[in-house]
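Protein chains in written order, with our numbering: chain B, 1 to 321; chain L, 322 to 608; chain P, 609 to 1103. Notes for the one structure printed next.
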Amino acid sequence: MSLSIHPAAADGPLTEVTASESALRRFLHGLPGVDQVGAEARAADLATRSIKTDAKRWAIDMAIRMTDLTTLEGQDTPGKVRALSTKAVQPDPSDPTVPSVAAVCVYPDLVEVAVEAVRGSGVQVAAVATAFPSGRSFMDVKLLDTRRAVEAGATEVDMVIDRGAFLAGHYGKVLDEIQQIKAACGDAHLKVILETGELVTLDNARRASWLALAGGADFIKTSTGKVTPASTTAVTLVMLEAVRDFFFATGQRRGVKSAGGIRSAKEAIRYLVLVNETAGPDWLTPDLFRLGASSLLNDLLMQRHKQATGRYWSTDYLTLD
Amino acid sequence: MARVDVRKTYKLYIGGKFPRSESGRSYEIRAADGGFVANAARASRKDARDAVVAARKAFAGWSSATAYNRGQILYRIAEMIEGRRDQFVAEVAAAEGLSTRKAAAVVEAAVDRWVWYAGWTDKFAQVFGASNPVAGPYFNFSVPEPTGVVAAFAPQSSSLLGFVSVVAPILTSGNTVVVVASEQRPLPVISLTEALATSDVPAGVVNVLTGHVDELAPHLAGHMDVNAVDLTGLAERDTVELEQRAAENVKRVVRPPSREPDWNATPDPTRIMAFTETKTVWHPMGL
Amino acid sequence: MTDTPVRNTRVPDMATPLWEYAPAPESRDIVTIDSSYGLFIGGEWVEPSDGTMFKTVNPATEEVLAEVAQAGRADVDRAVGAARKAFGRWAKLPGAERGKYLYRIARIIQERARELAVLESIDNGKPIKETRDIDLPLVAAHFFYYAGWADKLAWAGLGPDPRPLGVAGQIIPWNFPLLMLAWKVAPALACGNTVVLKPAETTPLTALLFAEICRQADLPPGVVNIVTGAGETGRHLVEHDGVDKIAFTGSTEVGKQIQRTVAGTGKRVTLELGGKAANVIFDDAPIDQAVEGIVNGIFFNQGHVCCAGSRLLVQESVHDAVIDKLKRRLGTLRLGDPLDKNTDIGAINSSVQLDRITELVSAGEQEGAQRWQPECDLPERGYWFPPTVFTGVAQSHRIAREEIFGPVVSVLPFRTPAEAIEKANNTPYGLSAGVWTEKGSRILWMAQRLRAGVVWANTFNKFDPASPFGGYKESGFGREGGRHGLGAYLAGGVH
């Protein structure tokens, strides 16, 4: 079957699109719209998939492996980060077959603690940066925030876009910031948080997705988790469509991270179904899909025990960190 | 020795909860034969204020529910009333001095009346809305929308059927309501609020105050966050001043009849429309 | 009869799926299927007078489900008599009381929804996901909606005291058996009529379970009568002098026969017949949702939908992009066991229908269109057809003109809106149409010009009891649903 370039990118590869503010604007505004009712209906329909037995066991383990175990509170301490990191490496001390999570996600000044705690395990350390969560600060501050996190050992950086600039239509400014932060990341991979709850419309989510991908994002991420609504299946659907179409346009695979408000294994599995049936099975890997969550992990462990023993489990048997 | 029964305490119904009046006051309810029945809460203007706040908070959700969903909820309320039939029959008989047989007829009529209005939720727009054939390449349509928070006064004499006949049409289109029950005969309505609390109607959609009608009326009629006021329950009273107060924020006013009507008569869907706003939308038709 | 359900649900067009969804079967235990059913007449189960029985089969497995009675002329006569006898009292009941019977039926349908959904999937072949999430909620909603009209007829715009017609003979198709029953029975009863209903030959079981529901609701005997059978039974019903009104949903060919039969008899008739709907995609359509709409339009219910979007009219400038996305999307459709909760595409309802689809698809290829299907393992037993896309289709091709009633979409390009209208309307049918564009004024411009009884803009195959449904031209006349649906069952007015 012949694969056609995405109609809006038919003008050529994305470098032309990012050459000027007006070219970028024309491209973004020329993307096909998203019908909200239709998109939400598709997401809701996929939520009716019934994932059972081996398929469920596979999904639970994959969801664990895709989790970015997160703590982003003003009251975080080294002790808290150490406890979280221990759990990230071995989520269930009573069961060594439980895989490690993908990463721990912390504020930049606690990266060093996390790096030490996960050393040798394969678990990545992701730092939020760029004046997370609001993004409201000066560019040199955001760059310094990023560099110091990377120097401290962060292998992944979760940045926030300037939503104010985006909503005011200053797409070039948003793009430029992403490109600069990407450069400051060095070898660390960059996730770009769109904060879709503040962008509100799915059209904006689509445009912001393409903007971030054009700016060099390795991952596009839904939310900081500090704003409601955080991740939704409808917005994740739109973002998965964006990375899928980006792949057909450029040959490059980029990832999606859904973060915030995902608390149950059932919801997590719904997200995996979305990935499977939208971007495709190639995206069913922690290299291309992540779930940003904290309490989710325990529910995944609860469900894992239920699948293994047939009994509904209790948090008495899990760690509450 | 005859068993001592556990008597009920009668409270207000605001925001899905059952508080006593913040004023701590109550007043005596007497049966038709003059005997003492209960102390009902005597609502104050602050209770009325709280009720309006609750109704306003509930409006967004109730008005944006689908008509089908509202119909299902209202229908379930009818099921709740039917399920408590004997309780209502006893209370209506006591309140209105009716025989059991006549009280039963009243309760059955109240259930059927509620069912009647439940069935209108997904139909009145088809009867009272329209696409309007304007003289130009425009698609033009008119839809009725709920007006907002309605303050209503339930009839004084008909303790249950009258209440249902006033309140149900307000809810059908998606309004929320603060209703003052019959002053002397509130008890069947208080049982109704218990049924409401166990149905699926969201908290704050219906709020019921008991107390001195003349004390509460000016505060509700003059409240600037109330969109419409239904004075049906104030028949045979002078409501001129209330209507003047209502003018302060141009409330929609349903005036009291000169005399309390016979609630058995088949109602009219125009009662639903009295609490709606008609929105007309234009859209060009062209390439 | 042993139950050997097919469990081979495979995702087509994926070499080695990384994540195989495990079987997720809905249990059959919830429903009890008798080995044999009589006719439901006058509130009782009765044997057919000449004792003929026929079998109904599970199209996914070819297993025989039950024996069902073939109603002959005498049986139909008996049913009409029972309906006539019940009519007097039923029509005189206050509307509020009739409404309460319908509310009871609606509630029982909600209570038994899962059981009905499973039975419908087994008898019809459509996926449980559809019967559970779409058919059954709509069935209940239809009864609720018309229950509410029963005591409000004075405000329906048909005069101050509209009267019922009498006995309605209703003949329904196999594609949405219980939903079509609801569309017919609910308004008829609300308006004070009594009914004799003939379900389709291949899908009688949910109608027979509905008869039990009528008994549970204490519906007065004779108000609803179910006579099972094939074409002959339908003919007896249409020809019967005691029937005041015929309501038919089915093929245009049979619809015309019915119209000829009732000519000169004074019987009122409404027909809901075939379609060959155009689904029009403009260059500024919300493309991903449009692709969902295309899939929904023609592959929902295996394409067994009279209003299916079977002709895809794509603006030429986006033709290739749309078709590529469509093909990719079809690769994720799951075909197989209708009772598996993850099945998207179920079985074709009968071998007769499968033959017809196969013949037309073969004609399409011979006429020069290009056929494409995702890779699909079809189960060995049962009646199956993979989703099919024909490109390079011309208006003159049979696959662009004849109703296939299967999961086959024919793609035709267009260049201008006027051309889209011309092509869309260039058919003897006129049931439905779809329009996909972000531009509101164009939606309304198209809707104004499409000669179709239902126009879906940026959506497709959406139904609601409040929304009138019916066709132009040879797709039939009369409307079902909404306030407009009452007119078919009330006397007065011009006919």
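By construction, the Cβ of each residue, glycine as well, lies at the ideal position given by its N, Cα and C atoms.
| Query | Result |
| --- | --- |
| Could you tell me which chain P residues have their CB closer than 9 Å to the CB of F339 of chain L, listed as they occur along the chain? | Result: empty, since nearest Cβ-Cβ is about 29 Å, beyond 9 Å. |
| According to the neighbour-count rule (16 or more other Cβ atoms, all chains shown, within 10 Å of its Cβ), is G659 of chain P buried or exposed? | exposed |
| For the alpha helix (DSSP H) that F449 of chain L lies in, which residues bound it at each end? | 445-449 |
| Under the three-state reduction of DSSP, which class applies to Y991 of chain P: helix, strand or coil? | coil |
| Are the CB atoms of V273 of chain B and R49 of chain B nearer to each other than 8 Å? | yes |
| Under 8 Å, with one C-beta from each stretch per pair, do the stretch 689-703 of chain P and the stretch 982-1000 of chain P reach the 3-pair mark? | no |
| For D218 of chain B, collect the residues of the same chain with a Cβ closer than 8 Å to its Cβ; drop the 5 residues on either side in sequence, then sort them by chain order. | H189, L190, K191, R254, G255 |
| Count the other CB atoms within 10 Å of the CB of A19 of chain B; is the residue buried (16 or more) or exposed (fewer)? | exposed |
| By the DSSP assignment, the alpha helix (DSSP H) with C822 of chain P in it spans what residues? | 813-824 |
| Ignore the nearest five residues each way along the sequence and tell me which others in S295 of chain B's own chain have a CB closer than 8 Å to its CB. | R263 |
| Could one say the Cβ of Y711 of chain P lies closer than 8 Å to chain D's Cβ atoms, at least one of them? | Among the protein chains of the structure shown, namely B, L and P, there is no chain D. |
| Just checking: is the beta-carbon of H604 of chain L within a distance shorter than 8 Å of some beta-carbon in chain P? | yes |
| For S729 of chain P, does the count of other Cβ atoms within 10 angstroms reach 16, so buried, or fall short, so exposed? | buried |
| Nearer than 7 Å: is that true of the beta carbon of D759 of chain P relative to any heavy atom of the ligand ADP? | Annotation note on the ligand ADP: not contained in the displayed structure, which lists no ligands. |
| Tell me, please, which residues DSSP counts as bridged to S1040 of chain P. | P:V1062 |
| Could you tell me the alpha carbon to alpha carbon distance between E267 of chain B and G120 of chain B, rounded to whole angstroms? | 31 Å |
| Per DSSP, E1088 of chain P is paired with what? | P:F1077 |
| P99 of chain B and R65 of chain B look like a contact to me (Cβ under 8 Å); what is the Cβ gap, rounded to whole Å? | 5 Å |
| In the DSSP assignment, find the unbroken beta strand (DSSP E) run with N348 of chain L in it and report its ends. | Strictly speaking, residue 348 of chain L in this sequence is Tyr, with Asn absent from that position. Note, Y348 of chain L: beta strand (DSSP E), 347-351. |
| In chain P, which residues lie less than 9 Å from V436 of chain L when you measure between Cβ atoms? | A704, G707, K708, Y711, A755, G756, D759 |
| Which value, in whole angstroms, describes the spacing of the CA atoms of P807 of chain P and Q678 of chain P? | 11 Å |
| Check whether the stretch 158-178 of chain B and the stretch 192-203 of chain B touch, using three or more Cβ-Cβ pairs below 8 Å as the test. | yes |
| Quick check on the burial criterion: 16 or more other C-beta atoms within 10 angstroms. Buried or exposed for L482 of chain L? | buried |
| I think P458 of chain L touches S494 of chain L, with their Cβ atoms under 8 Å apart; what is that distance to the nearest whole Å? | About 31 Å separates the two Cβ atoms, so there is no contact after all. |
| N1066 of chain P and G38 of chain B - do their beta-carbons sit closer together than 8 Å? | yes |
| Report the three-state DSSP secondary structure of L28 of chain B (helix, strand or coil). | helix |
| Along chain P, which residues have their Cβ under 7 Å away from the Cβ of D54 of chain B? | A630 |
| Work out the CA separation of D282 of chain B and E670 of chain P for me, nearest whole Å. | 38 Å |
| Distance cutoff 8 Å, beta carbons only. Does P133 of chain B sit that close to anything in chain P? | no |
| Assuming the contact rule is C-beta atoms closer than 8 Å, F575 of chain L and A595 of chain L should be a hit. Round their C-beta distance to whole Å, please. | Before going on, a small fix: residue 575 of chain L reads as Val here, not Phe. Confirmed, about 5 Å. |
| Return yes when the Cβ of T442 of chain L is within less than 8 Å of the Cβ of A376 of chain L, no when it is not. | no |
| Expressed to the nearest angstrom, what Euclidean distance is found between the alpha-carbon atoms of N909 of chain P and D928 of chain P? | 26 Å |
| Note down, in chain order, all residues in the stretch 1043-1069 of chain P with a beta-carbon under 7 Å from any beta-carbon belonging to chain L. | G1048, S1049, R1050, L1052, W1053, Q1056 |
| Could you work out which residue in P:P1073, P:A893, P:F1013, P:G1089 is closest to R1050 of chain P when comparing CA atoms only? | P:A893 |
| Buried or exposed: S1083 of chain P, going by 16 or more other Cβ atoms within 10 Å of its Cβ? | buried |
| What's the call for T966 of chain P, buried or exposed, on a 16-neighbour Cβ count within 10 Å? | exposed |
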